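Since the structure comes first, as structure tokens, the remarks are kept for the end.
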Amino acid sequence: MRDAPVADAASQALHARLGMTHPILQAPMAGVATPALAAAVSEAGGLGSLGLGPISVAAARALLAEMRARTDRLFGVNLFCAPSPPRDAAKEAAWLERLRPAFEALGAAPPERLEPPFEPSLADPAMLPLLLETKPALVSFHLGLPEARAVAALRHAGIVVIATATSLEEALQVESAGFDAVVAQGIEAGGHRGIFDPDADNDARLHTLDLVRTVMPRLSIPVIAAGGVMDGSDIAKMLRAGAAITQLGTAFLCCPETTGHDLYRAAMLQLTEGTVLTRAITGRPARAVVNALSALGADAPPKEIPAFPLPAMASRALAVAAAPRSDYLALWAGAGMSRARAMPAATLMETLVTELARSQRHDGHQLRFA
Ligand SMILES: Cc1cc2nc3c(=O)[nH]c(=O)nc-3n(C[C@H](O)[C@H](O)[C@H](O)COP(=O)(O)O)c2cc1C
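Quick note: the sequence shown uses the working numbering, first residue 1, plus one each step.
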């Protein structure tokens with residue numbers, strides 16, 4: 001357990017190591033966050049980051065080079081840490097049969113068999129050396145924890161290393177594995193839920209604020225709050241609960257610097273049914289805008305869904321078959337999607353910082369006159 005002044009010192013040390021003047025970490029959103037987005041956030045005093053989870057080492061190298069060309073500021077990168085999927089031919093064939101009517105309605109046929117569309121990044125032995133060579137300021141891990149030797153090597157190189165946790169138990173594992181901070185990801189979060197074992201039947205599905213309040217008194221490393229943080233007053237709430245930093249994904253989705261911002265903007269304007277946590281798109285629980293794709297397999301028992309990331313191959317094939325229609329695209333987004341703001345990332349950062357300052361002034365006022 002820690003007392004408040006130690007928490008403050010640890011948070012300040014983390015901000016300093018990451019060159020942050022504002023406690024805003026732009027979430028690493030694979031395929032969506034671009035170097036233009038990450039650079040704009042870092043330039044504005046937050047920390048931008050890039051998702052390298054589903055891409056090759058060569059593509060990661062190119063993204064890192066583009067990032068360095070855009071800014072001298074610090075930034076982060078993110079890797080997935082899920083095991084290679086166990087194969088089950090009968091289950092995979094049954095899954096494709098289940099999707100057959102949807103493919104046929106689009107005038108297409110399902111793929112003959114499933115193959116993983118990507119491997120967990122650290123499965124490529126060249127990924128760790130690339131990070132040790134290029135030294136981003138921060139490396140975060142999602143969907144599980146890497147081997148101890150990877151954490152040690154990155155920390156030895158002076159890189160801040162963090163990992164996502166969705167429960168107190170996972171947060172304690174992150175701390176004891178020697179990470180510098182933990183990302184406490186609540187159930188509101190967009191994209192993949194970072195739960196280590198998606199087959200464990202004990203997900204308490206805590207909201208972000210409850211999760212932050214649960215883990216804070218039990219950890220001595222700083223906590224980064226992720227999930228449903230959409231404006232400055234949300235940021236203030238998380239800081240008040242003890243978070244050192246907030247990690248925002250959905251808030252940035254409609255910025256013109258993201259891939260697919262026009263689709264996200266259209267989805268936000270027509271958002272009638274909100275977002276849903278589904279396992280059927282990739283094989284792991286992930287939150288997406290409700291559409292034709294998220295509805296497919298929504299009633300599938302988890303046991304019948306092939307392991308992550310196998311179903312993603314079929315989901316991508318459906319999106320291709322449906323094009324130019326966009327209702328079969330996996331539009332990852334959090335529960336706060338209707339509050340996303342379509343503005344350049346620099347303007348959004350300015351807005352968030354102004355709102356945060358206003359909320360904190362308001363808090364101070366309330367404290368003085370309470
Ligand atoms: C479009 C999208 C893609 C995401 N991709 C990743 C990813 O590649 N790696 C990762 O660690 N988290 C990813 N996330 C989750 C974020 O890191 C973060 O937990 C989440 O965005 C926080 O909740 P919010 O979306 O409500 O802000 C993604 C989120 C979104 C919305």
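Note that CB positions come from ideal geometry on N, CA and C, so glycine has one too. All figures in this text were calculated on a predicted structure; none of them were measured in a lab.
Outcome for residue i when other beta-carbon atoms lying within 10 angstroms are tallied against a minimum of 16
i: K135; result: exposed
i: E257; result: buried
i: D299; result: exposed
i: V402; result: Past the boundaries of the shown model lies residue 402; the chain is included only from 1 to 370, so the question cannot be answered.
i: C255; result: buried
i: N202; result: exposed
i: P302; result: exposed
i: S385; result: Since the first and last residues shown for the chain are 1 and 370, residue 385 lies out of range.
i: T354; result: exposed
i: Q270; result: exposed
i: V6; result: Its pLDDT being 43, under 50, V6 is placed unreliably by the model, and the measurement read from it follows with that caveat. It counts as exposed.
i: H22; result: buried
i: T275; result: buried
i: E170; result: buried
i: H362; result: exposed
i: P217; result: exposed
i: Q247; result: buried
i: S49; result: buried
i: D199; result: exposed
i: T282; result: buried
i: G364; result: exposed
i: D262; result: exposed
i: P324; result: exposed
i: T278; result: buried
i: G393; result: No answer is possible for residue 393: the residues shown for the chain start at 1 and end at 370.
i: P85; result: buried
i: D72; result: exposed
i: G51; result: buried
i: A16; result: exposed
i: A340; result: buried
i: A385; result: The structure shown does not extend to residue 385, since the chain spans only 1 to 370, so no value can be given for it.
Contact under 9 Å by Cβ, residue i with residue j
i: I162; j: S140; result: yes
i: Q26; j: G249; result: yes
i: M396; j: L253; result: Absent from the model: residue 396. The displayed extent of the chain is 1 to 370, so no value can be given.
i: L74; j: A153; result: no
i: A335; j: A267; result: no
i: I235; j: V229; result: yes
i: E97; j: L114; result: no
i: G227; j: A165; result: no
i: A251; j: V212; result: no
i: H156; j: I187; result: no
i: S167; j: L356; result: no
i: L209; j: A244; result: no
i: L37; j: G19; result: no
i: I443; j: A286; result: The requested residue 443 is not part of the displayed model; the chain covers only 1 to 370.
i: V160; j: G76; result: yes
i: A30; j: I55; result: yes
i: L352; j: L318; result: no
i: A148; j: G178; result: yes
i: V182; j: V223; result: yes
i: L172; j: V57; result: no
i: P117; j: R316; result: yes
i: P28; j: H142; result: yes
i: R284; j: H192; result: yes
i: I24; j: M349; result: yes
i: L239; j: Q360; result: yes
i: L63; j: D180; result: no
Minimum Cβ-Cβ distance from residue i to chain C less than 9 Å
i: G227; result: The chain labelled as chain C is not found in the depicted structure, where only one protein chain is given.
To test your reading of the DSSP string, which unbroken alpha helix (DSSP H) runs of 4 or more residues are found completely within the region 80-121? 89-105
For the region 78-89 against the region 302-315, do three or more pairs of beta-carbon atoms, one drawn from each stretch, fall closer than 8 Å, so that the two count as touching? Short answer: they touch.
Does the count of Cβ pairs from the region 91-110 and the region 37-55 closer than 8 Å reach three? no
Within the region 286-361, note down every full alpha helix (DSSP H) run reaching 4 residues or more, in order along the chain. 292-295, 310-322
At least 3 beta-carbon pairs within less than 8 Å: the region 110-128 vs the region 324-331: They do not touch, by the three-pair rule.
Run through the region 182-223 for me and flag every whole beta strand (DSSP E) of 3 or more residues, listed as ranges in chain order. none
Starting from the N-terminal side, write out each stretch of the beta strand (DSSP E) that is 3 residues or longer and does not extend beyond the region 139-190. 160-165, 181-185
Length-filtered (4 minimum) alpha helix (DSSP H) runs lying within the region 3-38: Entirely contained in the region 3-38, the alpha helix (DSSP H) runs reaching 4 residues are, in chain order, 4-17.
Kindly provide the ranges of any beta strand (DSSP E) runs that are 3 or more residues long and lie completely inside the region 48-79, ordered along the chain. 48-51
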